[in-house]
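Numbering (the UniProt record's numbering), first residue to last: 1 to 646.
Where a beta carbon is used, it is the ideal one built from N, C-alpha and C, also for glycine.
Here it is in structure tokens:
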């Protein structure tokens, strides 16, 4: 307790971060959706910044807040020290706690600083740093999420990770630290490597200036050469000098006159720096954590020889965090910013912004949106801001208009919410005009709100201003305008998420009008209209067996086939079946009220038993549109066998 009191604010910050992460984990454990554990990740922010500078794109799911956190971390390291490592990093905190456990278990494996083993192990974090940045910049996706132990644990292994990579990292974190002091921080952590590169500030700036000079003379240095050079030089400087030179500006200093040479400061240093024999601590591993100062009973240790600076590192950590947060809320960077077509036309384009584009939510969906807009006549560019679901579209007003472009952007949606009872003959159609319902994801949200209300069967949207929404209702249900308004203008609801739990969704839809015209549709016609029927003929089988081959149709009922989560897996099933010898065609359809899967097959090759055996295959071979092939776990399970119907 006395140790904590002597370095109180550092431990408050460390425990506060751990408490927040524990809250994330408990939320997932009790069925909640994984929290946004990357919200203030400085390492991810720096990866995103470099990706943006290189390709004008942001790594998926990252925002300007994370980037500003990364910038403030870099500034903090250059000017002050590795404050994030010493005060906020949860992995650094766990690493220190494991050292306490190691002492209690009397495990004493010591790697001497500067030894051959120490120098070899220190290369690992630089290799990881290069690998992570190379993969992230190449793909515009945060590669570190694949194996980051913090990300894996905080999301309950429900994040975008690679399980075996994450497990290896967790083993390194806990077992490595259990046997070797500060194993993770000294030898594995890529952020530690990057922070060390920042500590060699003048050298790092020299490399940047050199790359700019070479570029000016027509010899541009590719980013991976600059990255590789930074990692190699950072590693060499670390093992040769093992201390920074000019930067950072803050250091632990020792007053030799006050010091009684008890050596306690060296014993208490988490990084095992020999503070007792240094007048100024410039060691590359120093995080300015203050544990040595807290252990000194003679006040011989200070920061830059100033007693008033005792709590400066903790204060700087808080200030830098809020500065980064403030900057993140006052600047904005696009996820992608692309132009195409005749350069002469780009100077005369007009633009408009459309918010609420919830399906444009990452780099991949941004690129998909851009590819779609390239096919729209008169459109020559897009910019996306995924963190607020907004897009800017650039168009030539002499070729098209804003209304035509918006129409091309709009995706009509139809969705069955509930099945009308068997005795129902007709379904009533009421048409609404709704603002802020432009994106197809919004239709999903509104549909989830409506389906909980009695007497509603389906929803369909068509482009208009405002968007035209058709509600399919029970023929006997009265049209209650107040009820419809309260449904459409629901501001928050809880939506079940895949894997369990619920997610709170905020909405801002506005009901503008309700048409006086009421239409009707037959029950069966309604069901067929709402069912997302598919059909694929497989050219390889057609060429092999010919159009005149004797075929039959295997039909299998599959209740719930029209549900969105199941529908997303249907293309994978079709791709898998296309690889099976004798399968000519795959389709989904309605047989009365029952959704069915229909497989057309060659009689001389397959029969009911063989098809059922194929459908029980645990692994599917899938062909992707880019020409690649991959084996995946079966995404659908089949419990009720079908039979040949013709």
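Option in the options with minimal Cα separation from residue i
| i | options | result |
| --- | --- | --- |
| residue 102 | 54, 178, 75 and 423 | 178 |
| residue 149 | 141, 159 and 140 | 159 |
| residue 402 | 637, 465, 518 and 18 | 465 |
| residue 121 | 320, 187 and 91 | 187 |
| residue 46 | 104, 602, 142 and 591 | 142 |
| residue 346 | 39, 397 and 363 | 397 |
| residue 408 | 379, 172 and 427 | 379 |
| residue 316 | 84, 194, 619 and 135 | 84 |
| residue 534 | 596, 483, 40 and 484 | 596 |
| residue 296 | 463, 502 and 255 | 255 |
| residue 627 | 575, 594 and 601 | 575 |
| residue 280 | 388, 298, 303 and 263 | 303 |
| residue 333 | 77, 363 and 348 | 363 |
| residue 568 | 549, 555, 588 and 556 | 588 |
| residue 263 | 283, 230, 298 and 249 | 298 |
| residue 438 | 213, 349 and 507 | 507 |
| residue 540 | 601, 25, 562 and 517 | 601 |
| residue 205 | 184, 337, 234 and 185 | 234 |
| residue 559 | 624, 594 and 552 | 594 |
| residue 251 | 227, 238, 226 and 278 | 278 |
| residue 55 | 377, 467 and 138 | 138 |
| residue 442 | 586, 513, 228 and 469 | 469 |
| residue 21 | 91, 639, 504 and 516 | 91 |
| residue 566 | 548, 635, 312 and 620 | 635 |
| residue 72 | 607, 485 and 320 | 320 |
Buried versus exposed call for residue i [16 or more other C-beta atoms within 10 Å across all chains shown]
| i | result |
| --- | --- |
| residue 632 | exposed |
| residue 2 | Caution is warranted here: a pLDDT of 48 is assigned to residue 2, below 50, making its placement in the model unreliable, and no coordinate value can be reported. |
| residue 166 | buried |
| residue 164 | exposed |
| residue 181 | buried |
| residue 460 | buried |
| residue 13 | buried |
| residue 495 | exposed |
| residue 630 | exposed |
| residue 105 | exposed |
| residue 647 | Nothing about residue 647 can be read from this structure; the chain reaches only from 1 to 646. |
| residue 48 | buried |
| residue 528 | exposed |
| residue 318 | exposed |
| residue 573 | buried |
| residue 578 | buried |
| residue 136 | buried |
| residue 236 | exposed |
| residue 637 | exposed |
| residue 557 | exposed |
| residue 125 | buried |
| residue 93 | buried |
| residue 591 | exposed |
| residue 15 | exposed |
| residue 140 | buried |
| residue 331 | exposed |
Supposed close pair residue i, residue j - CB separation, criterion 8 angstroms
| i | j | result |
| --- | --- | --- |
| residue 395 | residue 339 | Residue 395 to residue 339, Cβ: 12 angstroms. No contact. |
| residue 612 | residue 641 | 5 angstroms |
| residue 455 | residue 472 | Not quite, the Cβ-Cβ distance comes to about 10 angstroms (not below 8 angstroms), so this is no contact. |
| residue 87 | residue 69 | That belief does not hold up - the Cβ atoms of residue 87 and residue 69 are roughly 14 angstroms apart, past 8 angstroms. |
| residue 185 | residue 176 | Contact doesn't hold; Cβ gap of about 10 angstroms is too wide. |
| residue 695 | residue 420 | No answer is possible for residue 695: the residues shown for the chain start at 1 and end at 646. |
| residue 78 | residue 248 | 6 angstroms |
The ligand COA heavy atom lying under 7 angstroms from the CB of residue i
| i | result |
| --- | --- |
| residue 49 | Among the components of this structure there are no ligands whatsoever, and the ligand COA is therefore not found. |
Touch check for the stretch 65 to 77 and the stretch 314 to 330: three-plus C-beta pairs under 8 angstroms? yes
Mind pulling the alpha helix (DSSP H) runs of 4 or more residues that sit fully within the stretch 60 to 126? 64 to 79, 83 to 87 and 90 to 104
Pairing CB atoms from the stretch 415 to 435 with CB atoms from the stretch 361 to 380, are three or more of them under 8 angstroms? no
Cβ contact check for the stretch 210 to 224 and the stretch 253 to 269: 3 or more pairs under 8 angstroms: no
Touching by the beta-carbon criterion (3+ pairs, under 8 angstroms), the stretch 241 to 250 and the stretch 192 to 202: yes
Taking contact to mean 3 or more Cβ pairs, one atom from each stretch, closer than 8 angstroms, check whether the stretch 528 to 546 and the stretch 581 to 591 are in contact. yes
Using 8 angstroms as the cut-off, can you tell me whether the stretch 261 to 270 makes contact with the stretch 285 to 299, which would need three or more C-beta pairs spanning the two stretches below that distance? Verdict: yes, contact present.
Write down every uninterrupted run of the beta strand (DSSP E) in the stretch 342 to 398 whose length is 3 residues or greater and which is fully enclosed by it, in chain order. Fully enclosed beta strand (DSSP E) runs of 3 or longer: 350 to 354, 379 to 385 and 390 to 395.
At least 3 beta-carbon pairs within less than 8 angstroms: the stretch 383 to 390 vs the stretch 423 to 431: no
Where are the beta strand (DSSP E) runs, 3 residues long or more, that stay fully inside the stretch 490 to 551, in chain order? 492 to 496, 502 to 506, 510 to 522 and 534 to 537
So within the stretch 123 to 187, which uninterrupted alpha helix (DSSP H) runs reach at least 4 residues, ignoring any that extend past its ends? 149 to 154 and 163 to 171
Taking only runs of the beta strand (DSSP E) that begin and end inside the UniProt domain "4Fe-4S ferredoxin-type" (279 to 306), which ones reach a length of at least 3 residues, in chain order? 301 to 303
What residue ranges within the stretch 551 to 597 form continuous alpha helix (DSSP H) runs of no fewer than 4 residues, ordered along the chain? 564 to 567 and 570 to 578
Any chance you could list the alpha helix (DSSP H) runs of at least 4 consecutive residues sitting entirely within the stretch 394 to 440, in chain order? Scanning the stretch 394 to 440 from its first residue to its last, the whole alpha helix (DSSP H) runs of 4-plus residues come out as 402 to 409.
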